[in-house]
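Trainee: When you line the sequence shown up against the numbering used here, it's residues 62 to 362, in that order.
Using N, Cα and C, we set each Cβ at its ideal position, and we do this for glycine too.
After the structure tokens below, expect a handful of questions from me.
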Amino acid sequence: ALVPVLIFNYVGFELPSSAAEEMTNPKRDIPLSILRSGLAALLLYGGPILGILFVLPGERIGSLGGFIDACKAVFTVYGGSIAADGTVHLTGAGAVFGGVAAAGLIIGLLTSGVTWAMGAHRAQAVACADGAGPAWLGHISEKHGTPVRVNLLSAILASLLFVVALNLTGGDGEKYFAAGLGLTICTTFISYVITFPSLAVLRRKYPSVPRPYSVPGGRLGVRLVSALATAFVAFTVVVLIWPGFGVGWFGTAGSAADALPASFAGQRLRYTLSQVVPLTLFVGIGLAFYAAGARTRREKG
């Protein structure tokens with residue numbers, strides 16, 4: 062149940078490569094930035110997760126929003142209580158620490174979102190310039206050195222989706238928070254399902270091309286790394302679309318229905334549609350973008 066959250070914590074380290082042309086020595090700087098950020102993520106994510114696992118029993122920890130609930134439960138040691146139904150009420154120092162943690166979460170989401178947007182927008186612009194989308198989106202501003210057109214399009218689409226979401230939920234987004242969060246992670250991981258195997262494919266098709274970054278073990282090492290990474294993200298996509306996938310297999314205890322977000326308890330079909338319908342729409346938009354880039358691909362030959 063925790064696979065989506067755990068795996069999501071450790072992706073995105075490749076984003077610095079989107080700005081390689083702005084670095085003095087990308088061959089040195091990119092691996093160092095990935096190493097540093099990877100170690101920081103290991104400590105900053107691993108420490109709190111380990112603390113939660115030490116304090117709470119496994120059955121109290123769910124997927125996605127479950128970590129937030131677990132943090133609240135941990136803060137009750139400073140003040141507060143947990144009701145029989147699992148509802149957490151923080152008081153005194155517990156409420157103070159809970160507020161600090163909430164502020165940290167919001168700041169973390171903001172800074173993380175901005176960083177992701179910067180890298181993803183540049184990657185999208187470069188892809189469009191190469192023929193994977195409309196050529197006009199591949200323009201990089203000479204004045205700012207950034208993909209302004211992709212920035213603006215992203216802002217417009219995000220605003221429209223925000224307004225639509227508010228109207229569909231009647232202003233109460235709590236029910237669909239888990240669905241929206243799962244969809245966000247899912248769309249990211251679907252791109253990795255395609256990206257990770259490309260390592261082995263490109264090394265096989267173009268073995269003579271200089272590679273600044275290499276995987277030890279030759280072709281076998283490349284295939285092993287690609288297969289493991291692809292398997293992890295593919296499993297995550299399945300778990301996000303169908304929570305509880307694998308629960309109860311091989312004689313293990315538990316029910317797949319219990320892995321559904323609490324707001325969708327007993328509503329497997331509705332939750333699945335909340336994932337599949339938007340994903341289908343996104344795939345359609347992606348195919349339309351690819352078709353729009355056909356002329357650019359022909360010109361580049």
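#1: My output table needs one value for SER143: the three-state DSSP class, helix, strand or coil.
#2: Is it buried or exposed for LEU330, if we count other Cβ within 10 angstroms and need 16 for buried?
#3: Does the distance from the CB of PRO109 to the CB of ALA239 come in under 7 angstroms?
#4: Given that a residue counts as buried once 16 or more other Cβ atoms are within 10 Å of its Cβ, and exposed if not, what is ASP146?
#5: If contact is defined by three or more beta carbon pairs under 8 angstroms, each pair taking one atom from either stretch, is the region 130-138 in contact with the region 148-159?
#6: Nearest CA to the CA of GLU282: which residue from GLY192, VAL294 and ARG265?
#7: Would GLN336 and LEU244 be called neighbours here (beta carbons separated by less than 7 angstroms)?
#8: VAL149 lies in the beta strand (DSSP E); which residues open and close that run?
#9: Given that a residue counts as buried once 16 or more other Cβ atoms are within 10 Å of its Cβ, and exposed if not, what is SER269?
#10: Using the rule of at least 16 other Cβ atoms within 10 Å of the residue's Cβ for burial, across every protein chain shown, is SER78 buried or exposed?
#11: Report the residue from THR176, ALA193, LEU227 and VAL225 whose alpha carbon sits nearest the alpha carbon of ASN212.
#12: Please state if the CB of GLY180 and the CB of LEU375 are separated by a distance shorter than 7 angstroms.
#13: On the premise that GLY309 lies in contact with ALA317, defined as a C-beta separation below 8 angstroms, what is that separation, rounded to the nearest angstrom?
#14: Would you say ALA314 touches the ligand HEM, meaning its beta carbon is less than 6 angstroms from a heavy atom?
#15: With distances taken from CA atoms, which of ALA196, ALA219 and SER202 is nearest ALA178?
#16: Counting only runs that start and end within the region 158-239, where is the alpha helix (DSSP H) found for 4 or more residues in a row?
Mentor: In short:
#1: According to the sequence as given, residue 143 is Ile; it is not Ser. Here ILE143 sits in strand by DSSP.
#2: Exposed: under 16 other Cβ atoms inside 10 Å.
#3: Not a contact, by the Cβ cut-off of 7 angstroms.
#4: With fewer than 16 other Cβ atoms within 10 Å, it is exposed.
#5: With a cut-off of 8 angstroms, the region 130-138 and the region 148-159 count as touching, because enough Cβ pairs lie within range.
#6: Reading off the sequence, residue 282 comes out as Gly, not Glu. If we check each option's Cα against that of GLY282, ARG265 comes out closest.
#7: Yes, the Cβ-Cβ distance between GLN336 and LEU244 is below 7 angstroms.
#8: Taken as a continuous stretch (DSSP letters only), the beta strand (DSSP E) holding VAL149 covers 149-151.
#9: So SER269 ends up on the exposed side.
#10: Its Cβ being crowded by 16 or more others within 10 Å, SER78 is buried.
#11: Closest option to ASN212, Cα to Cα, is THR176.
#12: Any answer about residue 375 is impossible in this case: the structure gives the chain only from 62 up to 362.
#13: Confirmed, Cβ separation roughly 6 angstroms.
#14: Among the ligands in the structure shown, none appear at all, so the ligand HEM cannot be discussed.
#15: The shortest C-alpha separation from ALA178 is found at ALA219.
#16: As far as the region 158-239 is concerned, its whole alpha helix (DSSP H) runs of at least 4 residues are 209-229.
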